[in-house]
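Trainee: For the sequence shown, position 124 (counting from the first letter as 1) is numbered 828 according to my numbering, and the numbering increases by one without interruption. A virtual CB, placed ideally from N, CA and C, is assigned to each residue, including glycine.
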Amino acid sequence: MTRTTWIIGAVIVVGIGIAAGVIFAGGNKPQANAASPARETNTATAAMAVASPPLAAPVTAEAVRAPAPTAPPAAAQVEIPVQVASDTTTKSGPIVIDTLDELFAHAATYSNKAVVVRGHIVTQCISGCTFSLEDGTAVIAVELIDDALDHVLDGGSIGRSVEVRGTVETSPQLVIVIEDPEDWNYID
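1) Per DSSP, which one or two residues make a beta bridge with glutamate 867?
2) Which whole-angstrom value describes the C-beta separation of aspartate 839 and arginine 864, a residue pair presumed to lie in contact below a C-beta threshold of 8 Å?
3) With contact counted as at least three CB pairs below 8 Å, one residue from each stretch, are the stretch 869 to 883 and the stretch 823 to 830 in contact?
4) Between the alpha carbons of phenylalanine 808 and isoleucine 844, how many angstroms are there, rounded?
5) Just to confirm the assignment, what range does the beta strand (DSSP E) spanning glutamate 838 have?
6) Out of Pro876, Cys829, Asp884, state which residue places its alpha-carbon closest to the alpha-carbon of glycine 859.
7) Buried or exposed: glycine 719, going by 16 or more other Cβ atoms within 10 Å of its Cβ?
8) Any idea if tyrosine 890 is buried or exposed, counting beta-carbon neighbours within 10 angstroms, 16 or more meaning buried?
9) Output the boundary residues of the beta strand (DSSP E) element that contains alanine 845.
10) Determine the direct distance from the alpha carbon of phenylalanine 835 to that of tryptophan 888, and round the result to whole angstroms.
11) If you measure between the beta carbons of leucine 848 and isoleucine 801, is that distance less than 8 Å?
12) Identify every residue that forms a DSSP beta bridge with glutamate 873.
13) Do you know how far the Cα of threonine 708 is from the Cα of isoleucine 880?
14) Enumerate in chain order the residues of its own chain whose CB-to-CB distance from leucine 837 is below 6 Å, with the five nearest sequence positions on each side excluded.
15) Measuring CA to CA, which of Ala812, Cys833, Gly832, Leu853 is closest to glutamine 877?
16) Could you check the C-alpha separation between isoleucine 711 and leucine 857 for me, to the nearest Å?
17) DSSP three-state call for valine 715: helix, strand or coil?
18) In the DSSP assignment, find the unbroken alpha helix (DSSP H) run with threonine 813 in it and report its ends.
19) Looking at C-alpha atoms only, which residue of Glu873, Thr841, Thr803 is the closest neighbour of asparagine 816?
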């Protein structure tokens with residue numbers, strides 16, 4: 705089989721695994737995601753293998769119905785000066801998120817914004833173009849696209865610590881998308 709066939713097959717297997725994870729883990733419901741501690745699925749495919757500990761106590765209906773906080777979390781923001789026409793400076797940059805459960809709890813706030821997160825790799829596709837990141841509070845999918853595909857994960861990276869700088873996408877599921885090769889790196 706050609707390399708292209710293998711890559712297409714790996715993408716299909718990873719897509720099926722992610723879809724199964726979304727279906728069995730409760731979908732993209734911010735209330736359920738915020739109320740549950742580390743969310744992992746027990747999915748094993750040719751593209752990824754996960755050994756997950758049992759989940760904590762089940763989420764109660766009261767916890768799901770609890771009103772969400774109205775103010776966004778106090779996340780640190782890295783500020784970078786930018787020169788504008790009137791000789792004044794404005795500051796912008798990616799938002800540093802301390803825990804992934806904070807990202808799930810306020811997904812709408814972070815939608816289409818650049819963020820920085822850290823965690824351990826718990827799954828990865830065969831070609832290293834997608835992986836799942838876990839920080840002890842939640843698990844999120846990370847996808848490398850465009851130029852980032854020039855710098856994919858090494859084989860056997862499960863368990864390694866990484867820092868990811870990417871854009872949060874909320875549809876069809878919560879995922880961090882990395883476009884540039886230098887936007888992720890090992891920190892162990």
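Mentor: Answer, in terms of the structure:
1) The residue you call residue 867 lines up with position 163 of the sequence shown. DSSP, once it has assigned bridges, lists Arg822, Asn889 as partnering glutamate 867.
2) Indexing the sequence shown from 1 puts residue 839 at position 135. Indexing the sequence shown from 1 puts residue 864 at position 160. That pair is no contact at about 13 Å.
3) Because the criterion of three Cβ pairs below 8 Å is not met, the stretch 869 to 883 and the stretch 823 to 830 do not touch.
4) By one-based count along the sequence shown, residue 808 stands at place 104. By one-based count along the sequence shown, residue 844 stands at place 140. Straight-line Cα distance between these residues: approximately 9 Å.
5) Translated into positions along the sequence shown, residue 838 becomes position 134. Note, glutamate 838: beta strand (DSSP E), 834 to 838.
6) Within the sequence shown, residue 859 is the residue found at index 155, counting from 1. Closest by alpha carbon: Cys829.
7) Here residue 719 is taken as the residue at index 15 of the sequence shown, counted from 1. By the Cβ-count criterion, glycine 719 is exposed, with fewer than 16 other Cβ atoms from all chains shown falling within 10 Å of its own Cβ.
8) Taking the sequence shown and counting its residues from 1, one reaches residue 890 at position 186. Taking a 10 Å sphere around the C-beta of tyrosine 890, we find fewer than 16 other C-beta atoms and assign the residue as exposed.
9) As a position in the sequence shown, residue 845 is number 141, starting the count at 1. Its beta strand (DSSP E) spans residues 843 to 848.
10) On the sequence shown, position 184 is the one that residue 888 refers to. On the sequence shown, position 131 is the one that residue 835 refers to. Near 12 Å, if we compare the C-alpha coordinates of phenylalanine 835 and tryptophan 888.
11) Your numbering for residue 848 matches position 144 in the sequence shown. Your numbering for residue 801 matches position 97 in the sequence shown. The criterion of a C-beta distance shorter than 8 Å is not satisfied by leucine 848 and isoleucine 801.
12) On the sequence shown, position 169 is the one that residue 873 refers to. Its beta-bridge partners are Val879.
13) Start at 1 with the first residue of the sequence shown, and residue 880 comes out as number 176. Start at 1 with the first residue of the sequence shown, and residue 708 comes out as number 4. Answer to the nearest angstrom: the Cα atoms are 25 Å apart.
14) Residue 837 sits at position 133 when you count from the first residue of the sequence shown. Within the same chain, Cβ atoms closer than 6 Å to the Cβ of leucine 837 are found at Gly823, Ile844, Val846, the five residues on either side in sequence being excluded.
15) Locating residue 877 in the sequence shown gives position 173, where the first residue counts as 1. The residue among Ala812, Cys833, Gly832, Leu853 with its C-alpha nearest the C-alpha of glutamine 877 is Ala812.
16) Here the question's residue 711 lines up with position 7 in the sequence shown. Here the question's residue 857 lines up with position 153 in the sequence shown. About 15 Å.
17) Along the sequence shown, read from residue 1 onward, the residue named residue 715 stands at position 11. In the structure shown, valine 715 sits in a helix (DSSP, three-state: H, G or I).
18) Looking up residue 813 in the sequence shown gives position 109. It spans 811 to 814 - the alpha helix (DSSP H) in which threonine 813 sits, taken as one unbroken run.
19) For this step, residue 816 is matched to residue 112 along the sequence shown. Selection Glu873, Thr841, Thr803 evaluated against asparagine 816 yields Glu873 as nearest (Cα-Cα).
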